[in-house]
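Single-structure report; data block below.
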Amino acid sequence: MAQGRKGKLNYRCPRCLMREIDMDMLFDTDKGEYYCLRCSFFGPEAEVLRLNAQFRTKYLDRTTRITEF
Ligand SMILES: [Zn+2]
1206 MAQGRKGKLN YRCPRCLMRE IDMDMLFDTD KGEYYCLRCS FFGPEAEVLR LNAQFRTKYL
1266 DRTTRITEF
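All residue numbers for the sequence shown refer to our numbering, where the first residue is 1206 and numbers rise by one.
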């Protein structure tokens, strides 16, 4: 595997995020993909952004204080 480097932007691993784990990914400059050391996730920036957007929808109400049940 190529030497991991930090990308221009630091993305968190979407797969780890789903499990409530905060894990930064490394960027593989050869493949142009981000990858995670903790799980086996790897993918291009577009895939990371797509999954992050998906993750946000899961917690869409997190900023809303729920006062009525
Ligand atoms: Zn991961």
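All C-beta atoms in this analysis are idealised placements derived from N, C-alpha and C, irrespective of residue type, glycine included.
I'd like to know whether the C-beta atoms of residue i and residue j end up nearer to each other than 8 Å.
| i | j | result |
| --- | --- | --- |
| Arg1261 | Cys1241 | no |
Once DSSP output is grouped into helix, strand and coil, what is the label at residue i?
| i | result |
| --- | --- |
| Leu1256 | helix |
| Glu1250 | helix |
| Arg1217 | strand |
Report all residues from its chain with a CB closer than 7 Å to the CB of residue i; omit the five preceding and five following residues, and keep chain order.
| i | result |
| --- | --- |
| Tyr1216 | Met1230, Tyr1239 and Val1253 |
| Met1228 | Arg1217, Cys1218, Cys1221, Cys1241 and Arg1243 |
| Gly1248 | Glu1238 and Tyr1239 |
Kindly list the residues whose CB is nearer than 8 Å to the CB of residue i, restricted to its own chain and excluding five residues on each side of it in sequence; keep chain order.
| i | result |
| --- | --- |
| Ile1226 | Cys1218 and Arg1243 |
| Gln1259 | Pro1219 |
Give every residue of the same chain whose Cβ lies closer than 6 Å to the Cβ of residue i, excluding the five residues on either side of it in the sequence, and list them in chain order.
| i | result |
| --- | --- |
| Leu1256 | Pro1219 |
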